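Have a look at the structure below before the remarks.
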Amino acid sequence: MRQAMANAPVGDDVFQEDPTVRLLQETAAEMFEQEAALFVPSGTMGNQIAVKLHTRPGQEVVTEARGHIYNYELAMLAAFSGCLARPITANQGRVTWSQIEPVLSPPVYYRAPTGLIALENTHNMAGGTILDQGEVETILSEAHERGLPVHLDGARIFNAAIASGRSVAELTRGFDSVMFCLSKGLSAPVGSLLLGSQAFIEAAWPVRKMLGGGLRQVGILAAAGLIALRDMPGRLVEDHDNARLLAEGLAELKAFSVEASTVQTNIVIADLVTMDSSTFLKSLAEKRVLAVPTGARQVRLVTHKDVNQAQVQEALQRIREVVS
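If you read the sequence shown in this note's numbering, its first letter stands for residue 696, the second for the next number, and so on.
Right under this line is the structure:
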């Protein structure tokens, strides 16, 4: 990737003259069977552009209670788009239409109307779980019948595709907009893409500029993104296997409560039984193993390209030393 970045043909993307980012956008659109795509510096920016375009101030966005768009994007639903989140809690993050329908606003003037439904696949804070595709198709059909757009935070959609044996095009068909990350499992250093109709992406250009996302010689980043799309999806199965190995090892320890059988992709959410997250993570970091807290007694561990099977086993040994 670094070699490709150094050698990338570049131009000024504010004037839509960078050939490498144009190739990346065209490649992504073709892969997802969407009309157009737009490079953005982050998944958060991609999500928030979509919210801005699909809604108007004073509306609600239905989303899962642990969703990234609600919890980790600094209240931009409200700050940028003037919208309120309507969170619903779903088992393992797998939202169903039967949960969404009751929280949709009735057609009365004294209630904030529902403006958008936002799904997340895979669901980060639910442990990298994959949405049920049949339920997704039901949500899309029922929402569109009511005139409601549906956005997909597909930051890790390639993990869902590899684990389910479906293409990203199949998993995202019917959504009014899709965001996915080139970083994370695909291993590019920077960047995400927002996809949708030609008209939607044309409308997204000025919103990206509003958020400071108008970049100049962005081809140096897009070059890494092209390699991410071409070479990296196929190896994600290694991350999934390593995550299951990690979860199975944690499940054997009395210090953790982990449902190893629920691990589908590259994320393990572990509940701590004998100590709090802060104490555990501080001691773990001293042994050069890093994880993040997701609650007072809960942590998240993620496998990726730079962690092999032997290193997972070594991490488990160091975790045993911390909790023993």
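Glycine included, C-beta positions come from ideal geometry on N, C-alpha and C. Given the structure is predicted, the values throughout are model-derived calculations rather than measurements.
What did DSSP end up calling residue i once you bin it into helix, strand or coil?
i, result
"GLY842", "coil"
"ILE825", "coil"
"GLN711", "coil"
"GLY860", "coil"
"VAL873", "strand"
"VAL803", "coil"
"THR809", "strand"
"ASP1001", "coil"
"LEU890", "strand"
"LEU718", "helix"
"THR791", "coil"
"GLU933", "helix"
"VAL1017", "helix"
"LEU769", "coil"
"LEU906", "coil"
Around the C-beta of residue i, are 16 or more other C-beta atoms found within 10 angstroms, so that it is buried, or is it exposed?
i, result
"HIS846", "buried"
"LEU924", "buried"
"SER872", "buried"
"MET874", "buried"
"ALA701", "exposed"
"GLY929", "exposed"
"HIS818", "buried"
"ARG903", "buried"
"ASP708", "buried"
"GLN711", "exposed"
"LYS977", "exposed"
"LEU769", "exposed"
What distance in whole Å lies between the Cβ atoms of residue j and residue i, which are believed to be in contact at a cut-off of 8 Å?
i, j, result
"MET696", "ALA883", "7 Å"
"VAL994", "ASN961", "Not confirmed; about 15 Å, so no contact."
"TYR765", "ALA780", "5 Å"
"GLN959", "GLU730", "Actually they do not touch by this definition, with Cβ atoms about 30 Å apart."
"PHE660", "VAL968", "Here the chain covers residues 696 to 1019 and nothing more, so residue 660 does not appear."
"ASP713", "VAL913", "6 Å"
From what residue to what residue does the beta strand (DSSP E) around residue i run?
i, result
"LEU779", "779-783"
"ALA731", "731-735"
"VAL994", "993-997"
"VAL746", "It is not in any beta strand (DSSP E) - VAL746 instead sits in the alpha helix (DSSP H) that spans 738-749."
"VAL756", "755-759"
Report whether the distance from the Cβ of residue i to the nearest heavy atom of the ligand FAD is below 7 Å.
i, result
"ASN816", "Absence of the ligand FAD from the depicted structure is noted, as is the absence of any ligand whatsoever, leaving it without description."
Could you give the residue range of the alpha helix (DSSP H) that holds residue i?
i, result
"LEU921", "914-926"
Point to revise | Segments of 4+ residues assigned as alpha helix (DSSP H) that fall wholly inside the stretch 937-991 | key: 972-981
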